[in-house]
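Structure record follows, encoded as structure tokens.
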Amino acid sequence: MIFTKLITIAAWIVLVGSVLRIITGLGIATEFLGPYEEALRRYGGTAASSGAIIDRGVYGFLAALMLGTLGEISKRREK
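Read in order, the letters of the sequence shown are residues 74 to 152 in the working numbering.
Set out below in structure tokens:
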């Protein structure tokens with residue numbers, strides 16, 4: 074039961090983080106956050122481009138979906 078709750082919490086944290094990463098990548102790409110190079114240095118960390126940031130966000134989103142699915146399977150099996 075505790076692992077089911079932990080995996081659900083982890084899935085939500087990863088989901089929120091990945092959505093924020095995707096939004097940041099899109100904000101850099103559209104120059105909403107400032108000039109491209111400056112915004113990439115400021116908000117991109119070590120990423121080579123805004124596309125790399127968006128890619129990491131999509132991978133995180135898929136990982137969150139997998140964690141959430143595992144949590145739901147675990148909830149169903151407990152009943």
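Just so it is clear, CB atoms sit at the ideal spot from N, CA and C, and this is done for glycine as well.
Measuring straight from C-alpha to C-alpha, what distance separates residue i and residue j?
| i | j | result |
| --- | --- | --- |
| residue 104 | residue 87 | 25 Å |
| residue 114 | residue 148 | 42 Å |
| residue 81 | residue 89 | 12 Å |
Within a Cβ cutoff of 8 Å, which residues of the same chain sit near residue i, ignoring the five residues on either side of it in sequence?
| i | result |
| --- | --- |
| residue 131 | 91 and 95 |
Less than 6 Å between C-beta atoms, sequence neighbours within five positions excluded: which residues of the same chain meet that for residue i?
| i | result |
| --- | --- |
| residue 127 | 95 and 98 |
State yes or no: is the C-beta of residue i within less than 8 Å of the C-beta of residue j?
| i | j | result |
| --- | --- | --- |
| residue 144 | residue 102 | no |
Going by DSSP, what residue range makes up the alpha helix (DSSP H) through residue i?
| i | result |
| --- | --- |
| residue 113 | 109 to 116 |
| residue 142 | 123 to 151 |
| residue 79 | 75 to 102 |
Got a sec? Which residues, its chain only, sit under 7 Å from residue i by beta carbon, not counting five neighbours each side?
| i | result |
| --- | --- |
| residue 151 | 74 and 77 |
| residue 129 | 94 |
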